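Residues in the sequence shown are numbered from 0 upward in steps of one, following numbering that gives the first Met the number 0. Heads up, the beta-carbon is just placed ideally off N, CA and C, and yes, glycines get one too. Note that the structure is predicted; figures quoted are calculated from it, not measured.
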Amino acid sequence: MEKTKKQELPAALLTVLSAPLLIMAVILYAYKLDGAFPFGKGTVAWGDMIQQVVPLLIDFKDILAGKDGVFLNFNNASGMNMWAVVFFFLASPFSFLVVFIKKTDMLYFANILIMLKLMVCGGTASLYLYKTRKKLYPVWIAALGTLYGLCGYGLLYYQNVIWLDMMYLFPLMLLTLEMLCEKKRVLPYTLVLAAMMVVNYYIGYMVVIFIMLFIGLALCNIRREKSGGETAVRFAVGSVMAALLTAVVWLPSLLQYTQSGRVKDEFFSSIKSKGFLTAYETVLPTVLCSAFVLTAVLFFTCDGKPRSRKLSNYLTLSLLTLIPIIVEPINLMWHTGSYMSFPSRFGFITVFMLTVCTAMYLEERDTISIENKLTDHAAIIIPALVVTYLFIDLITDFIEKNRETAGRYTTSLWGDRNSLQICVAIFLLISAMSVLMLLLYRRGLLSTRTLSIICTALILCESFANTRIYLTNSVLNDPDRAENQNKVYDLADRIDDDELFRVKTDSKLFYVNLMGTLGYGSISHYTSLNSQDYMFMMKRMGVSSNWMDVGSYGGTELTDMLMSIKYKIVRGEAENAVYSNDKYSITENSAFLPSGVILDDISAIEGELPDMSRSEIQQFICDNVLAEDVVKAYTFDDTENGSGYTVTNGDTLDLTLDISGRQSIYFDAFDRPKVALGSEIDGSFDIMVNGSMIKTGYPSGEFNGLLKLGEFENETVTITAIVKKDTDLRSLGVTAIDTDKLYSAAEAAKTVGFTRKGGKLTGSINANSGEYCLINVPYTDGLRVRINGKSTPCIRVLGDLTAVELTDGENNITVTAIPKCFIPGLIMSIAGAVLCILWHFVISKKLKVPEKASKALMWTVMVASLAVFMAVYIVPVLVHLTAEEK
0 MEKTKKQELP
10 AALLTVLSAP
20 LLIMAVILYA
30 YKLDGAFPFG
40 KGTVAWGDMI
50 QQVVPLLIDF
60 KDILAGKDGV
70 FLNFNNASGM
80 NMWAVVFFFL
90 ASPFSFLVVF
100 IKKTDMLYFA
110 NILIMLKLMV
120 CGGTASLYLY
130 KTRKKLYPVW
140 IAALGTLYGL
150 CGYGLLYYQN
160 VIWLDMMYLF
170 PLMLLTLEML
180 CEKKRVLPYT
190 LVLAAMMVVN
200 YYIGYMVVIF
210 IMLFIGLALC
220 NIRREKSGGE
230 TAVRFAVGSV
240 MAALLTAVVW
250 LPSLLQYTQS
260 GRVKDEFFSS
270 IKSKGFLTAY
280 ETVLPTVLCS
290 AFVLTAVLFF
300 TCDGKPRSRK
310 LSNYLTLSLL
320 TLIPIIVEPI
330 NLMWHTGSYM
340 SFPSRFGFIT
350 VFMLTVCTAM
360 YLEERDTISI
370 ENKLTDHAAI
380 IIPALVVTYL
390 FIDLITDFIE
400 KNRETAGRYT
410 TSLWGDRNSL
420 QICVAIFLLI
430 SAMSVLMLLL
440 YRRGLLSTRT
450 LSIICTALIL
460 CESFANTRIY
470 LTNSVLNDPD
480 RAENQNKVYD
490 LADRIDDDEL
500 FRVKTDSKLF
510 YVNLMGTLGY
520 GSISHYTSLN
530 SQDYMFMMKR
540 MGVSSNWMDV
550 GSYGGTELTD
560 MLMSIKYKIV
570 RGEAENAVYS
580 NDKYSITENS
590 AFLPSGVILD
600 DISAIEGELP
610 DMSRSEIQQF
620 ICDNVLAEDV
630 VKAYTFDDTE
640 NGSGYTVTNG
650 DTLDLTLDIS
660 GRQSIYFDAF
670 DRPKVALGSE
680 IDGSFDIMVN
690 GSMIKTGYPS
700 GEFNGLLKLG
710 EFENETVTIT
720 AIVKKDTDLR
730 SLGVTAIDTD
740 KLYSAAEAAK
750 TVGFTRKGGK
760 LTGSINANSG
770 EYCLINVPYT
780 DGLRVRINGK
790 STPCIRVLGD
800 LTAVELTDGE
810 NNITVTAIPK
820 CFIPGLIMSI
830 AGAVLCILWH
840 FVISKKLKVP
850 EKASKALMWT
860 VMVASLAVFM
870 AVYIVPVLVH
880 LTAEEK
């Protein structure tokens, strides 16, 4: 059925909006059946969404309210630059809705946010099909838009909800690429590419790979035509303008990424070490959940009929994005060389290209004569509808019986063999039914209308099944997840104190990012942008840290003072609590040191922490910041090996201390700081004090900070460490802190109490020339300290804290930050905006590039496209195979 050019707007809107409405209906019905908000108290947030995305949305709410800063955010990692974090997790127009949401409602809002974004995914897919496939029957547009919006990628990877923004922008990207190549329109491509790079520069890398493959194929087809050079010129100009427009985002973000714990020693290390096949139990469902388009593409490709050059190109692109679904070295290159989970983050590209190919096939093959008497005959259509109804009933029953097995992914982020078998079974059933209907259609027994309606029913059936398996199954796994986490959010904004202070927990009570969401200063943070220098400093100071996170627990009374930790959250009700609910209490620490400490000399603490054990580091910090003879480090006999410590499975290590006064005792077992999930020394020790078991399996990923054994006064204490496996360590021993002396030293210290407002600290102190102020904010190139209005150089101390030299007399200190290269990036973005305006009004109308120059540029772009193909598809395979041969 061909649309008329003057189709009425209501009909056009109905065509485009049908998919979003169907997606909403499917999701809401699944929410109702499984007790998810708004029909119950369940939340579909889990995994990264509950420990990263939702907490960061709450942080964003505080930033928008002016309670914290972007460039210097005190609620994360003691004072973190959140610029790259915002454009990794939060740069979506939907994120601004958090202004209207209470913190305790954020997990319920997550249900609505996911639904809205998936609806928009279906809407942009429908818009693309409506604009480009003029002869496609409208029901197909609704059906294929729904399929894309509820595809496996969206349902499996929605925890990183910003990826759904990239998913709904991609159909617009493909539309603007076609406009650039076919209609010579540059600005739409520029603006959509810029939008994608702003929303998420990381997934933007994968989009750029696709763009280079797309333009290479497009130029190859028209290389002998004059339009080839013109297209290359417009592509280059559009790409440069997009790069300039977004420089303020990607330039400082790239520099921050290079300083994060994500940076590896060798780019190809994962490619060499991982297998040749992907984790297909998890990867394949992102594509197999779209059974109809996979089936239709294979069905029509094998029919032997001619196809357009454009369709052939899109089939090639579909194949190129299917290959990394299977081949791990190529998959890793699509992921910038490594990933921890979510192993097909580009999968929305694959699904949409298959969707587009299906639409093109359906449009090209829709040539059945309406005079065919058998078309939609009752003898055909009634049995077809009955079979479809029975089939849908069969699928529904199959899912109910196998849902727990099929939803294995929702408990671990990874599928297994059993869950894949269920996924493949559903795929084969939907595929078989689709083939049956397509065969009836090919033979003229079903009309386009009937085929589209039946296939829409199949798509809705599959989408609903997958929605319950991958989206709402997380509600069944933990129906009280939102209610339990809201007990934490209930602690927010309960402390009335303008001074810069921080809050910690007495153990791992909840996810580390939740501390910052409460509106309090925090030492903790968990994202891929966590500074490696900061993580390593905190690890060496005895704070618990695993993978890319710094915990809000561990450390000692000394490090609590050093980092201005004034309050502690404990489980249950506590005496003299600042605030309590039935699950947690906020208590005030016995002593507090403000965030600025005045020192006469910083030569000993300048630069990195010395290469010594963590017990010795505690002593080193106290000796050089507060007072000597407060902290003592002890070792176990016969454990030192010259460069560290060695213990043997079955050994029993004993250390007896005669405690004088009141002292806190800590046990430590640690190797070297690194970014990893756990370490080789995990589970090496069981720890006893005076014959009572204190901790088994220490250290662990759950807790690897300095282990507090207790507070003792004027008594003899025997610490026993039972060795559980042969282990080499860099740090092993016991730390004793005389708490009375520590509190006295803190009280006698000369300090600056900084006031916090947004992302700015202000404080004042009367000092002597040559004195220094140690500020417990992480050192970065972007940190700006002004004393009496004049910029003062920052000095890196204790590994990753900041010190400044004071002047004689009154020192009015302000601390702010601007990310490195933010200003150059901003200038480039302004230049890009000016260039876009000039292009639209002047350059595009007068641009005439000599044919030789444009052809040279065309070949340059084609060579660049080939280079991308080689780098992504050939080089990693060769690196992997040669590494295995060695």
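Terminal residues of the continuous alpha helix (DSSP H) containing Tyr-136?
The count along the sequence shown starts at 1 and reaches residue 136 at position 137. Tyr-136: not part of any alpha helix (DSSP H); DSSP gives it neither H nor E.
Below 8 Å between beta carbons: does that hold for Ala-18 and Tyr-256?
As a working note, residue 18 is residue 19 in the sequence shown. As a working note, residue 256 is residue 257 in the sequence shown. One thing to note: Ala-18 has its Cβ no nearer than 8 Å to the Cβ of Tyr-256.
Per DSSP, cross-strand counterpart(s) of Met-692
Counting from 1 along the sequence shown, the entry for residue 692 is found at position 693. According to DSSP, which records beta bridges pairwise, Met-692 is partnered with Met-687.
Tyr-771 - containing beta strand (DSSP E), residue span:
In the sequence shown, the residue the question calls residue 771 occupies position 772. From DSSP, the beta strand (DSSP E) with Tyr-771 extends over 771–774.
Are the beta-carbon atoms belonging to Ile-69 and Ile-62 less than 8 Å from one another?
By 1-based counting over the sequence shown, the position of residue 69 is 70. By 1-based counting over the sequence shown, the position of residue 62 is 63. One point to set straight first is that residue 69 is Val, not Ile, in the sequence displayed. Contact flag set, yes.
Going by DSSP, name the residue or residues bridged to Gly-520.
To locate residue 520, count along the sequence shown from 1; it is residue 521. Gly-520 pairs with Arg-501.
Could you give the distance in angstroms between the alpha-carbon of Thr-103 and the alpha-carbon of Tyr-488?
Against the sequence shown, residue 103 aligns to sequence position 104. Against the sequence shown, residue 488 aligns to sequence position 489. Straight through space, the alpha carbons of Tyr-488 and Thr-103 are spaced by roughly 6 Å.
Would you mind sorting Leu-244 into buried or exposed? The rule is 16 or more other CB atoms within 10 Å of its CB.
As a position in the sequence shown, residue 244 is number 245, starting the count at 1. Leu-244 is buried by the Cβ-count criterion.
To the nearest whole angstrom, what separates the beta carbons of Val-860 and Ile-214, a pair I think is in contact under 8 Å?
Numbered from 1 along the sequence shown, position 861 holds the residue referred to as residue 860. Numbered from 1 along the sequence shown, position 215 holds the residue referred to as residue 214. The beta-carbon distance between Val-860 and Ile-214, rounded to whole angstroms, is 6 Å. This is short enough to meet the 8 Å contact definition.
Could you tell me which uninterrupted alpha helix (DSSP H) segments, each at least 4 residues in length, are contained entirely in the region 98–132, listed from first to last along the chain?
DSSP runs (the alpha helix (DSSP H)) wholly in the region 98–132: 105–131.
Continuous alpha helix (DSSP H) assignments of at least 4 residues falling wholly in the region 211–286:
If one requires a minimum length of 4 residues, the alpha helix (DSSP H) runs lying completely within the region 211–286 are 225–244, 246–257, 268–272, 279–282, in chain order.
Looking at C-alpha atoms only, which residue of Gly-554, Pro-251, Glu-615 is the closest neighbour of Ile-886?
The structure shown has nothing for residue 886, since the chain only spans 0 to 885.
Straight-line CA distance for Thr-937 to Ala-573?
No answer is possible for residue 937: the residues shown for the chain start at 0 and end at 885.
Going residue by residue through the region 140–202, where are the continuous beta strand (DSSP E) segments of at least 3 residues, counting only ones entirely within it?
Counting whole runs of 3 or more residues, the region 140–202 contains no beta strand (DSSP E) stretch at all.
Does the separation of the CB atoms of Asn-545 and Leu-676 fall below 8 Å?
By one-based count along the sequence shown, residue 545 stands at place 546. By one-based count along the sequence shown, residue 676 stands at place 677. Leu-676 is positioned such that its CB atom lies closer than 8 Å to that of Asn-545.
Just the C-alpha distance for Gly-824 and Thr-387, rounded to the nearest angstrom, thanks.
Taking the first residue of the sequence shown as position 1, residue 824 is located at position 825. Taking the first residue of the sequence shown as position 1, residue 387 is located at position 388. If you draw a straight line from the Cα of Gly-824 to the Cα of Thr-387, it comes to about 57 Å.
Suppose the cutoff is 6 Å on Cβ atoms and the five residues either side in sequence are ignored; what does the same chain contact list for Arg-729 look like?
Reading the sequence shown from its first residue, position 730 is the one you call residue 729. Cβ within range, chain order: Gly-643, Asp-670, Arg-671.
Please name the residue in Gly-757, Gly-732, Gly-788, Glu-809 whose C-alpha comes closest to that of Glu-770.
Counting from one through the sequence shown, the residue named residue 770 turns up at place 771. When only C-alpha atoms are compared, the closest one is Glu-809.
Report the option in Ile-829, Thr-42, Leu-625 whose CA atom is closest to the CA atom of Glu-746.
Start at 1 with the first residue of the sequence shown, and residue 746 comes out as number 747. Closest in C-alpha terms to Glu-746, from the list Ile-829, Thr-42, Leu-625, comes Leu-625.
Once DSSP output is grouped into helix, strand and coil, what is the label at Lys-486?
Counting from one through the sequence shown, the residue named residue 486 turns up at place 487. Helix at Lys-486.
Residue range of the unbroken alpha helix (DSSP H) whose run includes Ala-863:
By one-based count along the sequence shown, residue 863 stands at place 864. Here the alpha helix (DSSP H) through Ala-863 covers 850–868.
CB-CB under 7 Å to Leu-428, same chain, minus the five flanking residues each way: which ones, in chain order?
For the purposes of this step, residue 428 is taken as the residue at position 429 of the sequence shown. Here Leu-428 has Ile-394 as same chain residues with Cβ atoms under 7 Å from its own Cβ, once five neighbours each way along the sequence are excluded.
Can you tell me where the beta strand (DSSP E) with Lys-567 in it begins and where it stops?
In the sequence shown, residue 567 corresponds to position 568, counting from 1. In this chain, the beta strand (DSSP E) harbouring Lys-567 covers 564–570.
I need the straight-line Cα distance from Arg-416 to Arg-407, nearest angstrom please.
Taking the first residue of the sequence shown as position 1, residue 416 is located at position 417. Taking the first residue of the sequence shown as position 1, residue 407 is located at position 408. So the alpha carbons of these two residues sit roughly 10 Å apart.
Answer yes if the region 195–210 comes into contact with the region 138–155, meaning at least three C-beta pairs across the two stretches below 8 Å, and no otherwise.
Note that the region 138–155 does not touch the region 195–210; fewer than 3 beta-carbon pairs, one per stretch, sit closer than 8 Å.
Using 10 angstroms around the beta-carbon of Ile-208, count the other beta-carbons present and answer buried if the total reaches 16, otherwise exposed.
Translated into positions along the sequence shown, residue 208 becomes position 209. So Ile-208 counts as buried.
From this set, Tyr-525, Glu-482, Leu-470, which residue's C-alpha is nearest Arg-402's C-alpha?
For the purposes of this step, residue 402 is identified with residue 403 of the sequence shown, where counting begins at 1. Nearest to Arg-402 by C-alpha distance, out of Tyr-525, Glu-482, Leu-470, is Leu-470.
Mind checking Lys-740: buried by the 16 CB within 10 Å criterion, or exposed?
Reading the sequence shown from its first residue, position 741 is the one you call residue 740. Counting the other Cβ atoms within 10 Å of the Cβ of Lys-740 gives 16 or more, which makes it buried.
Please determine if the region 336–346 and the region 292–304 are in contact, where contact requires at least 3 C-beta pairs separated by less than 8 Å.
Contact between the region 336–346 and the region 292–304 is absent: fewer than 3 CB-CB pairs across the two stretches fall below 8 Å.
Along the chain, where does the alpha helix (DSSP H) that runs through Gly-463 open and close?
By one-based count along the sequence shown, residue 463 stands at place 464. It should be noted that the sequence gives Phe, not Gly, for residue 463. Here the alpha helix (DSSP H) through Phe-463 covers 447–465.
Cα-Cα separation, Met-118 to Leu-168:
On the sequence shown, residue 118 is found 119 positions in, with the first residue counted as 1. On the sequence shown, residue 168 is found 169 positions in, with the first residue counted as 1. Near 12 Å, if we compare the C-alpha coordinates of Leu-168 and Met-118.
Nearest-angstrom Cα distance between Ser-368 and Pro-478?
Counting from 1 along the sequence shown, the entry for residue 368 is found at position 369. Counting from 1 along the sequence shown, the entry for residue 478 is found at position 479. For Ser-368, the pLDDT reaches just 44, beneath the cut-off of 50, and the residue's location in the model is therefore unreliable, although a value from the coordinates is still provided. Between the alpha carbons of Ser-368 and Pro-478 lies a distance of about 54 Å.
From the DSSP output, in three-state form, read off Ala-898 for me.
The structure shown does not extend to residue 898, since the chain is modelled only from 0 through 885, so no value can be given for it.
Does Ser-418 come out as helix, strand or coil in the three-state DSSP assignment?
As a first step, residue 418 is located in the sequence shown; it is residue number 419 there, counting from the start. Look at Ser-418 here: in three-state DSSP terms it is helix.
Which one or two residues does DSSP pair with Glu-712 in a beta bridge?
Working through the sequence shown from its first residue, we reach residue 712 at position 713. Beta-bridge pairing links Glu-712 to Arg-661.
Local conformation of Arg-442 per DSSP, three classes:
For the purposes of this step, residue 442 is taken as the residue at position 443 of the sequence shown. Of the three classes helix, strand and coil, the one that applies to Arg-442 here is coil, per DSSP.
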